[in-house]
Every structure is written in C-alpha cells, then in structure tokens.
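Novice: So the sequence shown is numbered by numbering that gives the first Met the number 0: it starts at 0 and just counts up by one. A virtual CB, placed ideally from N, CA and C, is assigned to each residue, including glycine. Quick caveat: nothing in here was measured; it's all calculated off a predicted structure. Please find one structure pasted underneath; my questions will follow.
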Amino acid sequence: MNPAGQTPCDKVAILHGAPCAGAPASGQRWTLAAAILGSGMAFIDGSIVNVALPAIQRELNASAAQLQWIVEAYALFLASLLLAGGALGDRLGRRRVFMAGVALFTVASAACALSPSADLLIAARALQGIGAALLVPGSLSLIGANFTQAERGRAIGTWSALSGVAAAVGPVLGGWMVEHWRWTWAFLVNLPLGAVLLLICATRVPESRNNADTSAIDVPGAVLVTLGLAGIVFALVQAPLHGWGSADVLAALAIGIAGLAGFLLVEARSAAPMVPLRLFRIGDFAGANLLTLLLYAALGGGLYFLPLNLIQVQGYGAAAAGAAMLPFIAIMFALSRAAGHIVDRTGPRLPLIVGPLVAAAGFALFMVPGVGSGYWTGFFPATVVLGLGMAITVAPLTTTVMNAVGAEAAGVASGVNNAVSRAAGLLAIAGFGVLMAHGFNHQLGESLQALSLPAGVADAIRQQQDRLAGIALPDGLDATLRPALQQAIGGAFVAGFRQVMGVCAALALLSGLSAAWMIGRGRQP
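Here's what the structure looks like:
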C-alpha cells in the first residue's frame, strides 16, 4: 500500500533520488531549455567546423591527414565515451555530469580558437569530444528525469524540432562567420553559449540520479574501445602518407584490432557491460545496428568531403557551402513525422528497405557534378534525393531499435545505436581518406603529365599532394598555366570525390539489403 498522500510519481522520485517529474512547470521549462541549448551547442559546433576546414587548412598549413584528425579526434572520444558518459550521469548526478561536460566543452572551445598549429587544434578537439560525451547523453536524460511519461513525448518533440532549427541555422551562420571574420569564431561562439548554459543549470535545473543502480562504470570497456578505434583510425589516416607496410601503421593496426577484440571479451564477461552483447542476439536489433553502421558510414564519411569540394573546387564561400545542405535538412524535418505514420501502418521493414535504396540513388547523383558545375543542376538533385531517403529511414530505424528490446532496455538500446552511428562516421572518414588520396593522386599524376610544366613546378605540386585540393600554387606562374593547374587539381579532387560517393552508394544499397535480410523476420543471428 502507498503511504498516505504518496503518488506513483513520488515513488519513482524516491527510487531514483530525483525530484517528482512534472513539478514545477517553471523548472521543466528551464530543464528543457538547458537540454536544447546543450545538444544544440554540440551539434552546431560540428557543422560549423566542417565548413571551416578549408580556412583552417589555409591558415594553419594543415595536411589532409591533419584535417581528418581535426574532425576525428572529436568524433573518436564522443563515440567511445558516449555510453560511459550517460552512465556517469545516472550514477553521479545528471545535472552535475552535464555541467562538467559543458564546462570542459567550453574551455576546450577556447583552446581550439587559440591554437597556433594544427596539432594543438587536434589536441583541443579531443578535449571537446570528451566534453561532448558527457553533455550529449545528458541532454535527453535531463528531460527523462524531469518530465512524466505523459509529458515526455511533447518535450522530446520540442527538443527535436528546435534541434532541427539549429541544424538548419548552424552551418549557414558558421559559414558566414568563417567567411567574414575568421575560422576561430567556429569555436568562440561556444563561449557565451556555455556560460549561459552553466548559469541556467546551476540556478534552475534540479539534480537527479539513479540511486538504485550501484553497478560499477565499465571503465575497462571504455578504455579498450577508445584504444581500438584510435588504432584503426590512425592506421587508416596515416597509410596514404607512409604506406601500409610502415612500422607505425602496422603497429597502430595491431593495437586497434587487439583493443576491439579485448573490448568484446570484456563486454561478454562484464556484469554491467557498456554494450550488452546479448541484445545483438535479437534479430531486429542486430539488423537495425548493421543498417546503421553501413548507412551512417556512407553519410558521415561521404559528407565530410562535400564542403571541401564546394569551397576549394567549386569556389563557394563558406556561408554558401553551409547552406548547400539546407534542402536535406528541410526534407528530413518535414517528412520524418510522416515516415513515423507509415511505420504505424506498414511496420518498419518496408521503409527500412526503400529508404536506404533512395539514399543510395542520392549518393550516386553526387558523382555527376564536375569542376564548375552549378548548384541547382549539380548538387541540389543529389541533396534532395539523399534527404528523402534519410527521411524515410530515420524514424523507422529508431522505432525498430526501441521496439526490438522492450521498454526496460530501450534507453540502453538507443544509446548503443547512437554510438554505432557515430563510430560508423568516425571509421568512414578515415577509410574514405585512403580512397580519396588514391583517386586524387592517380588523376593528378595523369593531369600533370599532360601539361607542359616548367622545371620544378610539377615537383612543387607533388610535394603538396597530401593537401588535396588545398594545394598552394607556386608564385610566378604565367596567366595560362595557373588556371590549367587549378583545373587539374580540382579535377583530381572530383575524381576522388566520385570514388568516395560510389562507395557511399554501395554502402547505402547494402544497408537496405541488410534490412530485407534481417529485420521483421524474427531471425536470430
């Protein structure tokens, strides 16, 4: 029997050491604002950095490998520590860990802006990734702890809608700041946002934690998965520079494989694993995560190169490059709810087959534009088709992940799927870098041979091959040779870009086929 006056909400609050969800309303509004601002800050930072990469390369004289690490250092720690960050919040206090993430992210953003070299910027980005791993899972957990089940759907809908606005505004605003000021503003914008967010959390957001969960944090798992992913990524990024037979590449590859193997062993034996491997015995869950791995590898890896193409080859400004994907975001925003209704009527299997196939067509269309192609005839059709494919896919994918495991494990399942999507992009950027370098170097070599170059000019170009389309042309070239070399460099980048997009299309196609094979059939892998 309930004690007098104690509601079911009170019982949940006592069990989890949290305030009663749903009261007071003012606290809920501030909590929702903090969740939106926190996730938006992390998301906007990532989108701004992508359009800032050409300016960073030019000012810091960065190689293509260093540009990759500027993105990969952040993604590595976010993907590896995302689940551990969520568990820390549940154990130590969701607001406390969220604030720690915000503080670290903000300080690291200042370090990024002050970095005088690409290597120091990479180190600061790694710290940003650790901060993001604490704040990103905390944004939704704050909503879950402070809203009742009846109120939670509306709160998450508001969070999702405003995140969509941030997705649309962030790249354009960031591109404008990079274009009219400096790339450092891609990071400095986080300082006032972080300060406001910390003030809101300290004064308006209630603390909550799960006092019932006394299991230990899976530290060995977090260390091993970070080491494993880092080793694989290092090998992939460095291989185009040093060759697959070099000692550092082979050592990194061995460390990466050993780390991931150790991670699987630890997770299989742990009483409280970061990634419960038993979930992958469920056919729909395993199928949804295989689809996620393939499709988000294509999305994250392929679209990394798009701003570089638009800015360095096609001549777009940073703001225009940031706006180029607005149709993709608008379609996702407009059609995702309709896709959810389709799932209610037909089940998830059909849209999870059709959506990736449409996305594959979108990636294939990115292979069409050459040097000097217009946006509306070259890149717009691909952006629209890709957005349509992802809009068909995302809601059914989320539904499949959540429904496959039941309500008691839905949070863990969602976290695992989120980590898989981020790890997929992390590995794809590194792997596609190998493909891009091969296609670029091959095409550039052929183009340079076809030109009548003065002595030393071809060598000066080849020595900068690791900068891809960011190659700086030597001074003193005549008026006819300079545009010919620019065309050769741009054409070489487009050749590599087409190879990357071809692989992206193949991965998207495979993701649709994996859904046909594994999802909705009750199959146990």
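Just to confirm, does V164 get its C-beta within under 6 angstroms of one of the non-hydrogen atoms of the ligand ZN?
Specialist: For the ligand ZN, the structure offers nothing, since it holds no ligand at all.
Novice: Report the option in I254, V265, Y303, I256 whose CA atom is closest to the CA atom of I47.
Specialist: For the residues I254, V265, Y303, I256, the minimum Cα distance to I47 belongs to Y303.
Novice: Suppose you measure from the CA of P191 to the CA of L126; what does that come to, to the nearest Å?
Specialist: So the alpha carbons of these two residues sit roughly 18 angstroms apart.
Novice: Relative to the C-alpha of A117, which residue among A246, Q462, Q67, L141 is closest?
Specialist: The option with the nearest alpha carbon to A117 is Q67.
Novice: Taking DSSP as the reference, what is the three-state secondary structure of Q462?
Specialist: Correct three-state label for Q462: coil.
Novice: For A459, I'd like the list of residues in its chain whose CB is within less than 7 angstroms of its CB, leaving aside the five on either flank, ordered along the chain.
Specialist: So the list reads P473, once near-sequence residues are dropped.
Novice: Going along the chain, which residues of its own chain have a beta-carbon closer than 6 angstroms to the beta-carbon of G354, five neighbours each way excluded?
Specialist: These residues qualify, in order along the chain: G388, I391, T392.
Novice: Using C-beta distances below 6 angstroms, list every residue in its chain close to T30, excluding the 5 sequence neighbours before and after it, in chain order.
Specialist: Once the five neighbours on either side are set aside, the close Cβ partners of T30 are L141, N145, V204.
Novice: Do you know how far the Cα of F327 is from the Cα of F496?
Specialist: Cα-Cα distance, rounded: 19 angstroms.
Novice: Among the candidates F362, A394, R481, L59, whose CA atom is the shortest distance from the CA of G346?
Specialist: Among F362, A394, R481, L59, the Cα nearest to that of G346 belongs to A394.
Novice: Tell me which residues share the same chain as G469 and place their Cβ nearer than 7 angstroms to its Cβ, disregarding the 5 neighbours each side in the sequence.
Specialist: Closer than 7 angstroms at the Cβ level, and outside the excluded window around G469, lie P53, Q56, R57, Q311.
Novice: In the stretch 280-368, which residue ranges form an unbroken alpha helix (DSSP H) of at least 4 residues, counting only runs that do not cross its ends?
Specialist: Within the stretch 280-368, the complete alpha helix (DSSP H) runs of at least 4 residues are 282-303, 317-322, 325-345, 348-364.
Novice: For the candidate residues S513, A429, L480, whose alpha-carbon lies nearest to that of V236?
Specialist: Nearest of S513, A429, L480 to V236, Cα basis: A429.
Novice: Please go through the stretch 137-194 and give each complete alpha helix (DSSP H) segment of 4 or more residues, from N-terminal end onward.
Specialist: DSSP runs (the alpha helix (DSSP H)) wholly in the stretch 137-194: 148-179, 184-187.
Novice: What's the gap between the Cα of G286 and the Cα of L425?
Specialist: When rounded, the distance between both Cα atoms is 20 angstroms.
Novice: Can you name, in chain order, every residue of its own chain whose Cβ lies under 7 angstroms from the Cβ of A296, other than the five neighbours on each side?
Specialist: Excluding positions up to five away in sequence, the list reads A423, G424, L426, A427, L506.
Novice: In this structure, does DSSP put D89 in helix, strand or coil?
Specialist: Helix, per DSSP.
Novice: Label T398 either buried or exposed according to how many other C-beta atoms from any shown protein chain fall within 10 Å of its C-beta, with 16 as the threshold for buried.
Specialist: Counting Cβ neighbours within 10 Å, T398 comes out buried, since at least 16 surround it.
Novice: Between the alpha carbons of Q548 and P272, how many angstroms are there, rounded?
Specialist: Since the first and last residues shown for the chain are 0 and 524, residue 548 lies out of range.
Novice: Can you list, in chain order, the residues of its chain whose CB lies under 7 angstroms from that of D247, leaving out five sequence neighbours each side?
Specialist: Result list for D247: Q237, H241, in chain order.
Novice: Below 8 angstroms on the Cβ atoms is my contact criterion, and I expect P170 with M331 to pass it. Report the Cβ-Cβ distance as a whole number of Å.
Specialist: That pair is no contact at about 14 angstroms.
Novice: For A72, collect the residues of the same chain with a Cβ closer than 7 angstroms to its Cβ; drop the 5 residues on either side in sequence, then sort them by chain order.
Specialist: Excluding sequence neighbours, A72 sits near I121, R124, A125, G128.
Novice: Suppose you measure from the CA of A20 to the CA of A403; what does that come to, to the nearest Å?
Specialist: Below a pLDDT of 50, predicted positions are generally treated as unreliable, and A20, at 45, falls in that range; no measurement from the model is reported.
Novice: Quick one, which of D217, G301, A322 has its alpha-carbon nearest P275's?
Specialist: Of D217, G301, A322, the residue nearest in Cα terms is D217.
Novice: Cutting at 7 angstroms between CB atoms, please list the residues of its own chain near A504, excluding the five before and the five after it.
Specialist: These residues qualify, in order along the chain: A359, F362, A363.
Novice: Could you compute how far the alpha carbon of I518 sits from the alpha carbon of T291?
Specialist: The straight-line gap from Cα to Cα measures roughly 12 angstroms.
Novice: Pick out whichever of A483, V493, R344 has its Cα sitting closest to the Cα of F378.
Specialist: Selected option, being the one with the closest Cα: V493.
Novice: Rounded to the nearest angstrom, how far is the Cβ of N209 from that of R90, given a contact under 8 angstroms?
Specialist: So it is a contact: roughly 7 angstroms between Cβ atoms.
Novice: Report the CB separation of V135 from A41 in whole angstroms; it is logged as a contact under 8 angstroms.
Specialist: The Cβ separation is near 6 angstroms, so the contact holds.
Novice: Who are the near neighbours of A515 in its chain, counting only those whose CB is closer than 8 angstroms to its CB and skipping five residues on each side?
Specialist: R348, I352.
Novice: Please classify Q313 as buried or exposed, where buried requires at least 16 other C-beta atoms within 10 Å of its C-beta.
Specialist: That one is buried.
Novice: Identify whether W243 lies in helix, strand or coil by the three-state DSSP scheme.
Specialist: Three-state result, W243: coil.
Novice: Under the assumption that L161 contacts S513 (Cβ atoms under 8 angstroms), give the Cβ distance between them as a whole number of angstroms.
Specialist: So it is not a contact: roughly 33 angstroms between Cβ atoms.
Novice: So, is the C-beta of P306 closer than 7 angstroms to a C-beta in chain C?
Specialist: Of the protein chains in this structure there is only one, and it is not chain C.
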